[in-house]
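Top to bottom, those sequences are chains E and A.
FYI, the numbering for the first sequence is 337 to 609, going by the numbering used here.
FYI, the numbering for the second sequence is 168 to 434, going by the numbering used here.
Read the structure below first, then the notes.
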Amino acid sequence: MPVRPYLAAFRARFQLMLQYRAAALAGFATQLWWGAIRILVFAAFYGVNAAAAPISFTDAVTYVWLGQALLALQPWSADPEIGQAVRTGGVGYDRLRPLDAHGYWYARSMGWMLARALPRAVLMVLAAGIVLPLVGLGAWAWRPPSGVTAALLFVPAFVLLTMLGAAILTLANVIVAASLNERGVNAILTPLVIVFSGSLLPLDFYPDAWRPFLHVQPFAGLVDIPFRIYFADLKGSAALRGLALQAGWTLALIGLGRLAMERVMRRLEMQGG
Amino acid sequence: MNALALYGRYVATSLRAQAQYPTATLMLTAGHCAATAIEILCVFALFHRFGSVGGWTFGEAAVFYALVNIMFSLADMLSRGFEVFGADFVRTGAFDRVLLRPRAAALQLAGHEVRLSRLGRLLQASVVLIFATNLVPIAWDASTIAIAVWAVAGGVALFMGLLVLQATLAFWTVDSLEIMNVLTYGGVQAAQYPLNIYAAWFRQVLTFGLPLACVAYYPVLAILGRPDPLGAPDWFLPLAPIAGFAFLALSFVAWRAGMARYSSTGS
Numbered sequence: 337m338p339v340r341p342y343l344a345a346f347r348a349r350f351q352l353m354l355q356y357r358a359a360a361l362a363g364f365a366t367q368l369w370w371g372a373i374r375i376l377v378f379a380a381f382y383g384v385n386a387a388a389a390p391i392s393f394t395d396a397v398t399y400v401w402l403g404q405a406l407l408a409l410q411p412w413s414a415d416p417e418i419g420q421a422v423r424t425g426g427v428g429y430d431r432l433r434p435l436d437a438h439g440y441w442y443a444r445s446m447g448w449m450l451a452r453a454l455p456r457a458v459l460m461v462l463a464a465g466i467v468l469p470l471v472g473l474g475a476w477a478w479r480p481p482s483g484v485t486a487a488l489l490f491v492p493a494f495v496l497l498t499m500l501g502a503a504i505l506t507l508a509n510v511i512v513a514a515s516l517n518e519r520g521v522n523a524i525l526t527p528l529v530i531v532f533s534g535s536l537l538p539l540d541f542y543p544d545a546w547r548p549f550l551h552v553q554p555f556a557g558l559v560d561i562p563f564r565i566y567f568a569d570l571k572g573s574a575a576l577r578g579l580a581l582q583a584g585w586t587l588a589l590i591g592l593g594r595l596a597m598e599r600v601m602r603r604l605e606m607q608g609g
Numbered sequence: 168m169n170a171l172a173l174y175g176r177y178v179a180t181s182l183r184a185q186a187q188y189p190t191a192t193l194m195l196t197a198g199h200c201a202a203t204a205i206e207i208l209c210v211f212a213l214f215h216r217f218g219s220v221g222g223w224t225f226g227e228a229a230v231f232y233a234l235v236n237i238m239f240s241l242a243d244m245l246s247r248g249f250e251v252f253g254a255d256f257v258r259t260g261a262f263d264r265v266l267l268r269p270r271a272a273a274l275q276l277a278g279h280e281v282r283l284s285r286l287g288r289l290l291q292a293s294v295v296l297i298f299a300t301n302l303v304p305i306a307w308d309a310s311t312i313a314i315a316v317w318a319v320a321g322g323v324a325l326f327m328g329l330l331v332l333q334a335t336l337a338f339w340t341v342d343s344l345e346i347m348n349v350l351t352y353g354g355v356q357a358a359q360y361p362l363n364i365y366a367a368w369f370r371q372v373l374t375f376g377l378p379l380a381c382v383a384y385y386p387v388l389a390i391l392g393r394p395d396p397l398g399a400p401d402w403f404l405p406l407a408p409i410a411g412f413a414f415l416a417l418s419f420v421a422w423r424a425g426m427a428r429y430s431s432t433g434s
């Protein structure tokens with residue numbers, strides 16, 4: 337299978353999204369403030385009873401900044417261009433390309449997510465990782481990975497979180513193509529991703545009884561697992577199990593996405609004119 | 168037709184338009200309800216894990232959460248015109264048309280689009296309030312209900328003031344600045360916890376800068392019948408929401424200054 341057209345789809349979308357610099361700056365400022373509020377709330381609770389927390393305050397702060405930096409990698413809303421293409425009939429062009437339909441949308445989704453995430457992540461490293469310690473707010477700073485092993489393990493974890501995110505997003509896009517509108521899909525997807533990925537709160541903060549479920553569901557691979565690998569809360573065999581869970585769900589969801597794509601495309605009706 | 172009747176007409180038109188698509192409106196409302204309700208899960212999980220914080224249990228914290236969300240949902244529903252003012256009115260030149268009509272621009276913007284879906288947040292906040300009432304002893308009598316209504320009115324005024332300020336900025340920037348979301352959504356985020364748990368500098372920002380404490384924290388203390396752990400006098404607690412109206416008044420002063428220097432984008 338030739339890779340070039342998929343890379344081209346990825347690059348085209350990536351470069352287009354990088355043009356929106358003002359949006360990136362506004363998004364970054366919002367996320368900086370958002371992270372600060374989350375940390376203020378954590379600080380209040382840790383101040384009372386730090387022993388009850390599943391991770392240290394330093395790690396919780398790093399978790400918050402990492403989450404804000406990589407927020408755009410979270411598949412919490414379907415690609416708006418897909419919904420538009422389906423409503424206007426533009427999706428017909430996609431059908432005419434001699435490409436694998438799922439692979440093409442997957443590459444586009446990944447370009448869309450990475451291009452929005454990377455500039456903000458760089459700015460966030462500067463602000464939370466470098467400026468905060470310099471102005472004497474070291475306790476609030478984004479720390480580097482805990483050790484060389486954690487850093488090395490975070491590389492595959494990051495790759496897998498991106499791939500898993502793109503797999504979920506592509507599946508969402510297929511459902512958008514079937515239902516002609518992204519609103520309904522987003523209404524369900526957004527809360528699911530925010531809660532179960534661990535974006536809202538690291539998963540171990542929820543009541544202990546929920547853990548067996550929270551630790552095996554697919555969304556955990558988006559935030560909770562990779563971030564805990566980053567600060568070595570998951571290490572050794574636990575880290576490897578985490579990576580395996582990410583990889584397993586990625587494959588399963590790509591498979592599901594391909595099946596759904598095939599069904600939807602077989603009975604797709606052209607809209608617009 | 169007086170201003171109030173005209174505003175009523177705007178609202179009725181807007182609601183009739185949405186009633187044409189009942190399923191879509193219901194689904195949007197349900198979606199908004201789910202998307203905003205997840206925050207209470209965060210509050211619950213934190214209190215469940217850490218126990219009481221700042222002298223508050225989950226039930227009491229939920230009252231703060233509920234009232235702030237009720238205020239914001241109403242303001243959000245009633246100020247859509249100001250929220251999209253930069254993108255939909257200034258940038259497109261549509262504001263010229265608004266100015267040609269012999270009615271206050273602010274009134275027309277307030278009635279621009281009253282979105283029922285925003286009631287989703289109100290719905291989940293009301294459910295939380297009912298639960299909270301079962302968890303903590305609140306004496307719902309004439310005086311506490313009056314304080315709650317007064318606090319919500321002050322809070323709606325405060326959040327509307329923020330959205331008016333956001334619109335005012337568009338006179339200079341010619342587009343809606345999402346950066347103001349930091350104050351609106353960020354304010355809701357911050358004020359859904361009892362404010363005495365925060366560091367002192369942040370409490371002061373939320374009292375004297377953006378007076379969220381005055382519409383959320385102090386009146387809820389009065390409703391719960393608790394003295395302020397930080398020592399504000401008891402008589403002050405039910406009076407505090409007036410700061411929300413003061414904030415709205417100041418916002419309109421800024422709005423007038425912006426109107427005075429408006430020049431059309433001419434498209």
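Every residue gets a Cβ at the ideal spot worked out from N, C-alpha and C, and that includes glycine.
Anticipated Cβ contact below 8 Å, residue i with residue j, distance rounded
| i | j | result |
| --- | --- | --- |
| residue 465 of chain A | residue 318 of chain A | The question about residue 465 of chain A has no answer, for chain A in this structure spans 168 to 434. |
| residue 203 of chain A | residue 287 of chain A | 7 Å |
| residue 535 of chain E | residue 410 of chain E | 6 Å |
| residue 396 of chain A | residue 222 of chain A | 6 Å |
| residue 569 of chain E | residue 415 of chain E | The Cβ separation is near 32 Å, so there is no contact. |
| residue 423 of chain E | residue 516 of chain E | 6 Å |
| residue 447 of chain E | residue 594 of chain E | Contact doesn't hold; Cβ gap of about 19 Å is too wide. |
| residue 281 of chain A | residue 349 of chain A | Residue 281 of chain A to residue 349 of chain A, Cβ: 25 Å. No contact. |
| residue 460 of chain E | residue 378 of chain E | Between residue 378 of chain E and residue 460 of chain E the Cβ distance is about 17 Å, and since that is not below 8 Å, they are no contact. |
| residue 357 of chain A | residue 373 of chain A | 6 Å |
| residue 405 of chain E | residue 456 of chain E | 6 Å |
Alpha-carbon to alpha-carbon, residue j and residue i
| i | j | result |
| --- | --- | --- |
| residue 394 of chain A | residue 414 of chain A | 25 Å |
| residue 263 of chain A | residue 332 of chain A | 19 Å |
| residue 290 of chain A | residue 236 of chain A | 10 Å |
| residue 432 of chain A | residue 376 of chain E | 42 Å |
| residue 258 of chain A | residue 249 of chain A | 13 Å |
| residue 354 of chain A | residue 326 of chain A | 9 Å |
| residue 193 of chain A | residue 284 of chain A | 7 Å |
| residue 216 of chain A | residue 247 of chain A | 38 Å |
| residue 567 of chain E | residue 493 of chain E | 12 Å |
| residue 490 of chain E | residue 385 of chain E | 30 Å |
| residue 560 of chain E | residue 538 of chain E | 6 Å |
| residue 357 of chain E | residue 245 of chain A | 31 Å |
| residue 398 of chain A | residue 404 of chain A | 11 Å |
| residue 530 of chain E | residue 255 of chain A | 30 Å |
| residue 351 of chain E | residue 388 of chain E | 45 Å |
| residue 549 of chain E | residue 310 of chain A | 46 Å |
| residue 480 of chain E | residue 469 of chain E | 12 Å |
| residue 442 of chain E | residue 520 of chain E | 21 Å |
| residue 191 of chain A | residue 407 of chain E | 28 Å |
| residue 335 of chain A | residue 426 of chain A | 8 Å |
Min CB distance residue i to chain E below 7 Å
| i | result |
| --- | --- |
| residue 364 of chain A | yes |
| residue 200 of chain A | no |
| residue 286 of chain A | no |
| residue 356 of chain A | yes |
| residue 146 of chain A | For chain A, the structure presents residues 168 to 434; residue 146 of chain A sits outside this window and is missing. |
| residue 381 of chain A | no |
| residue 501 of chain A | The shown model of chain A, from 168 to 434, leaves out residue 501 of chain A, and the question about it has no answer. |
| residue 250 of chain A | no |
| residue 321 of chain A | no |
is_contact[residue i, chain A] using C-beta, thresh 7 Å
| i | result |
| --- | --- |
| residue 393 of chain E | no |
| residue 369 of chain E | yes |
| residue 498 of chain E | no |
| residue 366 of chain E | yes |
| residue 373 of chain E | yes |
| residue 554 of chain E | no |
| residue 384 of chain E | yes |
| residue 455 of chain E | no |
| residue 543 of chain E | yes |
| residue 567 of chain E | no |
| residue 563 of chain E | no |
Could you tell me which uninterrupted alpha helix (DSSP H) segments, each at least 4 residues in length, are contained entirely in the region 175 to 249 of chain A, listed from first to last along the chain? Whole alpha helix (DSSP H) segments, 4+ residues: 189 to 217, 225 to 245.
Give, in chain order, every residue of the region 520 to 541 of chain E whose Cβ lies closer than 8 Å to some Cβ of chain A. So the list reads 520, 522, 523, 524, 526, 527, 530, 531, 536, 537, 541, given in the order they occur along the chain.
Where are the alpha helix (DSSP H) runs, 4 residues long or more, that stay fully inside the region 367 to 435 of chain E, in chain order? Within the region 367 to 435 of chain E, the complete alpha helix (DSSP H) runs of at least 4 residues are 393 to 405, 416 to 424, 427 to 432.
Please list the segments of the alpha helix (DSSP H) lying wholly inside the region 331 to 393 of chain A, counting only runs of 4 or more residues, in order along the chain. DSSP runs (the alpha helix (DSSP H)) wholly in the region 331 to 393 of chain A: 348 to 358, 367 to 371, 385 to 391.
With 9 Å as the limit, tell me which residues of the region 397 to 430 of chain E have their beta carbon closer than that to any beta carbon of chain A; keep them in chain order. Result list empty, no residue passes.
Would you list, in chain order, the members of the region 212 to 227 of chain A that have their beta-carbon closer than 9 Å to a beta-carbon of chain E? Of all residues in the region 212 to 227 of chain A, those with a C-beta nearer than 9 Å to a C-beta of chain E are 212, 213, 214, 215, 216, 217, 218, 219, 220, 221, reading in chain order.
Quick one: complete alpha helix (DSSP H) runs, 4+ long, within the region 246 to 309 of chain A? Fully enclosed alpha helix (DSSP H) runs of 4 or longer: 247 to 250, 261 to 267, 272 to 277, 286 to 302.
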